[in-house]
Amino acid sequence: MAPKSAAVASTLSTIRVSRRGAQRVRAGHPWIYQSDVSAHGVAPGALVAVQDERGKPLGTALYSSSSQIAIRMISTGVVNDLPRLARKRVEDAVRYREKLVSNTDAYRVVFSEADFLPGLIVDRYNDILSFQVLTQAMDSEAIRSAILSTLTDQLRPAAIAERVDARVRELESLPARTSGLVQGEKGRTEFTMNGVRFLYDAVEGQKTGAFLDQRENYAAASAYAHGEALDVFCYQGGFALHLAGSCSGVTGVDSSRPALEVADQNAALNGREIEWIEANAFDLLKDYASGGRQYDTIVLDPPAFAKSKRNVETAVRGYKELNLRAMKMLRPGGTLVTCSCSYHVSEAEFLAMIGEAAADSRRQVRILEKRGQSKDHPVLATVPETAYLKCVIIDVSV
Ligand code: SAH
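In my numbering, the protein residues as written are 1 to 398.
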């Protein structure tokens, strides 16, 4: 006789995982790789019952026929009604933000695995929601409509926009879609973080939005920022606009002209004068450092240098070059805010890099705060991949 749970789950396809896969699941990790499963004839995006190598039930998962991550666990129990579970999880995610998010009408409402909805990202920009689907299971019509109706009931947005990541859809063998509004007609709005105003445009021209994961770090950085400030890799001005409140002058640097155009509009919206420079940050820092330029506050927030484990070493070299130059350019008593959003560079490696740069700079360097991503981007204790952002605030005394 089959055990009861297996009998209930028998309406689903069953996938058996290897010993190694089962160990991962028991340790609380939701991902099992293709090499650890045997899944013949399972439909793309199917809800599946998962068993260990001996046939013991491990729970229920979402299957992907084309991703390296073949299954993503969604429950250690039996799930028969996925749209119902998705509704409940979206509601829970909304409640979690109500408890933790303050000083903003822009935050991440759903963060994929960290909200037990693998492959779904939802951001709120005031009265417009933007969502992104990254897995086969989340793309089914039943799930999409369950998610959209729950978000509408919970948050009453003026509009909902889909943000398509064409590359991910291709990797997941999902049909192509175009970005744009899927509900409502309002494509543009304004949102506020820590009292600073920003433009949001979900549909037209240069896509706007924000690095919502840095929101709490903006507030932390502005508490230390002073004097003349340089925001390197400024994008649409997230740090720069926050620094403007406590600094005598702010310069933002980015290689993207469209990003700087939006940054300038954001500055105008806040009645701030900020100097924007379109340049390669590495070249500019080199020139400024050799020209003897000095600042009181420097922010470094580069894009992810390490896209995979293989280029961690090169990435760390890049970080070190930037951080060393910045440390040398700070006046005594200066503040450095240095970030990395590369998951593959661990916090320990990042701190070690900061130590090396500090030693080479011959400055007195002290760490004021070791920070991560805003709380609306939750970190799961059992899933190291959910912690990716490092933001270290440093004092350079002498
Ligand atoms: N600090 C920003 C986010 C930065 S995202 C915020 O809080 O909103 C990284 C930015 O680095 C992007 O805007 C990208 O255009 C820019 N960038 C990438 N490579 C660069 C380079 N070599 N020099 C200058 N900017 C670069």
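A virtual CB, placed ideally from N, CA and C, is assigned to each residue, including glycine.
Here the C-alpha atom of Cys339 lies approximately 27 Å from the C-alpha atom of Gly271. Between Asn311 and the set Leu330, Ala359 and Val345, the nearest pair of CA atoms involves Val345. Counting along the chain, Pro332 sits inside the beta strand (DSSP E) bounded by residues Leu330 to Ser340. Boundaries of the alpha helix (DSSP H) around Ser145: Glu141 to Leu155. For Leu322 against Pro302, the beta-carbon gap comes to about 7 Å, under 8 Å, which counts as contact.
If you draw a 10 Å sphere on the C-beta of Gln136, you find 16 or more other C-beta atoms in it, and that means buried. Distance between Leu230 and Val396, taken at the CA atoms: about 15 Å. At a Cβ-Cβ threshold of 9 Å, Pro44 and Arg72 do not count as neighbours. For Phe131, the three-state secondary structure derived from DSSP is strand. Between the ligand SAH and the CB of Tyr107, the shortest heavy atom gap is not smaller than 8 Å.
Inclusion of Val253 and Ala279 in the CB contact set at 9 Å is warranted, their separation being smaller than that value.
Taking 8 Å as the cut-off, one finds no heavy atom of the ligand SAH near enough to the beta carbon of Ala306.
By the CB criterion at 9 Å, Val203 and Gly180 fall inside the cutoff.
Within the chosen limit of 8 Å, the ligand SAH reaches the beta carbon of Ser255 through at least one heavy atom.
Counting only runs of 4+ residues, the alpha helix (DSSP H) found wholly inside the region 32-120 occupies 82-100, in chain order.
Of the residues assessed, Arg108 falls on the buried side of the cut-off, its CB having 16 or more other CB atoms within 10 angstroms. In the structure shown, Glu278 falls within a strand segment according to DSSP collapsed to helix, strand and coil.
Between Leu336 and Leu330, the C-beta spacing is below 9 Å.
In the three-state DSSP reduction, Tyr200 falls in the strand class (E or B).
The Cβ neighbour count for Arg54, taken over all protein chains shown within 10 Å, is under 16; the residue is labelled exposed. Leu199 and Phe239 have their C-alpha atoms roughly 15 Å apart. Counting C-beta atoms within 10 angstroms of its own C-beta, Ala46 has 16 or more neighbours from the protein chains shown and is therefore classed as buried. Between the C-alpha atoms of Ala267 and Ile274 there is a straight-line separation of about 7 Å. For Arg293, the closest alpha carbon among the candidates Ala326, Ala306 and Leu269 is that of Ala326. Remark: the shortest separation between the CB of Phe191 and any heavy atom of the ligand SAH does not fall under 8 Å. For the pair Leu134 and Ser112, the CB atoms are nearer than the 9 Å cut-off. Remark: the C-beta of Tyr235 is in contact range of the ligand SAH, defined as less than 8 Å to any heavy atom. Around the beta-carbon of Gly41, fewer than 16 other beta-carbon atoms lie within 10 Å, marking it exposed. Tyr218: member of the alpha helix (DSSP H) spanning Arg215 to Tyr224, first to last residue.
Under the three-pair Cβ rule at 8 Å, the region 75-84 counts as touching the region 138-146. Taking the C-beta atoms as reference points, Trp276 is found nearer than 9 Å to Asp264. Not one heavy atom of the ligand SAH is found less than 8 Å from the C-beta of Ala315.
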